[in-house]
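One structure below.
In the numbering used here, the protein residues as written are 49 to 150.
Written out as structure tokens, the structure reads:
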């Protein structure tokens with residue numbers, strides 16, 4: 049399967065209650081909610097193609113994140129990573145979204 053942007057994000061769904069542990073198929077994981085920007089990183093399929101960083105609504109912003117572009121060079125070709133872009137500050141009580149990302 050080849051994914052090309054825009055890749056639609058999986059969005060969370062509100063629930064009144066969580067199912068009891070060990071009753072859901074697979075494993076249930078809980079993580080803190082960082083206040084950042086939803087994004088997908090797509091590594092190139094072919095040499096010479098660019099790494100793409102797509103925001104939730106489809107905007108491509110890889111030119112604003114040189115550090116991610118450099119780190120993505122060591123990832124396998126054709127990989128899609130979905131996550132939250134946030135700046136972690138060890139002195140702050142929470143994470144912040146990167147400035148001017150969207």
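Glycine residues also receive a C-beta, built at the ideal position from the N, C-alpha and C atoms.
Item	Value
Assigned secondary structure, residue 110 (DSSP; H/G/I helix, E/B strand, else coil)	helix
Collapsed DSSP secondary structure at residue 150 in the structure displayed	Caution is warranted here: a pLDDT of 49 is assigned to residue 150, below 50, making its placement in the model unreliable, and no coordinate value can be reported.
Counted within 10 angstroms of its Cβ, other Cβ atoms place residue 133 as buried (16 or more) or exposed	buried
Any non-hydrogen atom of the ligand COA within 8 Å of residue 121 CB	Ligands are entirely absent from the displayed structure, and the ligand COA is therefore not among its contents.
DSSP state of residue 119 mapped onto helix, strand, coil	helix
Beta-bridge partners of residue 130, as assigned by DSSP	88
Closest Cα partner of residue 108 within the set 139, 121, 88	88
Distance, residue 137 Cα to residue 105 Cα	26 Å
Residue interval of the beta strand (DSSP E) (run including residue 103)	100-103
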